[in-house]
Each structure stands twice: as structure tokens, then as C-alpha cells.
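Residue numbers (the working numbering): 7 to 253. Every residue, glycine too, gets a C-beta built ideally from N, C-alpha and C.
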Amino acid sequence: MKCDVLTIFPEIFTSYLNESIIKRARAKGLLDVAVHNIRDFSSDAHRTVDDSPFGGGAGMVFKPEPIFRAIDFLKEDGGPRKVVLLSPQGRPFDQSIAEDYSKEEKRFVFICGRYEGIDERVKTLVDEEISIGDYVLTGGELAALVVIDAVTRLIPGALGDERSVEDESFSWGLLDYPHYTRPREFRGLHVPRVLVSGDHREIERWRRKQALRKTMEVRPDLIARMKLSGEDMKILSEIEASSGEDP
Ligand code: SAM
């Protein structure tokens, strides 16, 4: 994934982009992120990027000119770009958008809003508006990092073990199954016996059952959207029959 980020707080990105999987993906050339300060594209000595709203009302609005200039600058090399505005009014971000973005050939431009938002005319430059959830953040920086993080995990070679991506929540349309590590017993809490049985078929079935159970409990909407196999249907009826019992 190649991307440019437009923000008035570039330092927010420094720490997150220099840790863990994201840091390694950048070192391997799988992720290329350039962060640009929108104030560098303002035209006055005060580096102004905002102004009061026409029509009155609370707060300030991002002026159009610095953002238009920043995008003109980024497009100077003639390379194809996909311009994404982070916004609570955008398409809800999910794993399938992350998958599409991980295969995107174009270089992304992520615009991080602040204040009351951005002058509406900036949207003539935008290919897609993305929201990371039904709540309002102070700025688009966290949202841009969420998108960059979720997409990077899906780039082949970014994770140490590619099976991590295959097993994660949403990859099969379900939430993830529970995970355990050593010790086998801790303060009277035991690891489920099946996981230490060495029976890989049984382990796989147990994990599928737990994933189906968890998803049914907290995200029944995901189950409703899934194509269930015959085995899944069988597991779901077992879960229903045993409801109220321990897993
Ligand atoms: N007045 C705007 C509204 O009600 O839709 C909210 C502006 S918000 C305080 C400032 C900026 O934070 C937005 O321009 C956007 O870039 C970012 N932002 C806030 N919530 C977001 C969300 N849920 N997803 C993505 N970006 C968000």
C-alpha cells in the first residue's frame, strides 16, 4: 500500500508508524506512507488553514485552498491516486473494504479533517468518504491510522505468519474463536481439554463452534449475511440445543 496523508498534526503519526508490524511493513517496502502538513500549503505568514463558516454557527471550517494545493502538489508526478476523505458521513469501513484497499494499485491520499469539518468543495477532489464508526472523533488522524493498519495486515508478507490473517475475526465472516496459551491452569481456570488433546480435527471443529457461538451472541447480523455450510448448520443446532450449558 502506498499512501500520502494530509493532516495538520503530522506528529500524531510518528509513533504509530514506527512500531511493530507497521514499522516492519515499511522497512520491507510493503507500506509506503508519507505524511504532509496541510499548513505547508497555506498562503499566509500565519499558516492559516481554517476560517469561520458562512451562514454562522459554531466552530471553524477547513479552508479549501490549502487542501486543493496539497492535492495538486501530490498529483504533479501524474501517478494515479485514490483520494479518501475520513468523515463520519462516509461509507462504514469494514474488512471487505480493507481487502479491496490492500489490492489497490493506485496511491492513496488520506485527508484528515478537523474542526467542524472541511469546506464542501474539497469533495470534488474526493473519490470516497470513509467512516470508521458511528461516533464523532476530534480529527481524521485516528481514522486514517485505523485504515492504514487494517489494510497493512492484509498485505502478503506483512505479518510473520500468514495464517494469522486467515483465522482472524471477519476473515470467514465470523468473529474469532477464543485463544489460550500456557499455563494450562491458572487460579483454577483451565484451558479447554480439546485444545491439548492433539486431535486437530476436533480442535478445528471446536474453534468453528466457538466462533459461531460468539458471533451468534454478539453479531447475529453477520451470521444472517453468511453462507452457512451443512456442518455449520449442524453446529448451530447443537449450540441451540445446549444453550444455557457451559461451552
Ligand atoms: N461536523 C462533522 C459532522 O458532524 O459530521 C464532524 C467533524 S469532526 C469533529 C472533525 C473531523 O474528524 C472530520 O472532518 C473527520 O475527518 C474526522 N472524523 C470524525 N469522526 C470520524 C469518523 N467516525 N470516521 C472518520 N473520520 C472521522
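For Thr-187, no beta strand (DSSP E) encloses it, and the DSSP letter there is neither H nor E. Contact check for Leu-37 against Ile-117 fails: the beta carbons are separated by 9 Å or more.
In the three-state reduction of the DSSP assignment, Ala-40 falls in the strand class, which pools E and B.
Here Leu-151 has Tyr-22 as same chain residues with Cβ atoms under 6 Å from its own Cβ, once five neighbours each way along the sequence are excluded. A direct Cα-Cα distance of roughly 7 Å separates Ile-18 from Glu-147. In the three-state scheme derived from DSSP, where H, G and I count as helix and E and B as strand, Lys-112 is classed as coil. The beta carbon of Ile-209 sits closer than 8 Å to those of Val-200, Leu-201, Ser-203, all from its chain and outside the five residues before and after it, given in chain order. Taking each of Gly-236, Gly-119, Phe-176, Ala-230 in turn and checking the Cα distance to Val-67, the smallest one comes out for Gly-119. Restricted to the segment 72-108, the beta strand (DSSP E) segments that are unbroken, complete and at least 3 residues in length are 87-98, listed in chain order.
Residue selection by CB proximity (closer than 6 Å to any heavy atom of the ligand SAM) returns Leu-92, Ser-93, Pro-94, Gln-95, Cys-118, Gly-119, Arg-120, Glu-122, Gly-123, Ile-124, Ser-137, Ile-138, Gly-139, Tyr-141, Val-142, Leu-143, Thr-144, Gly-145, Gly-146, Ala-149 in chain order. A direct Cα-to-Cα measurement between Lys-34 and Val-224 gives close to 37 Å.
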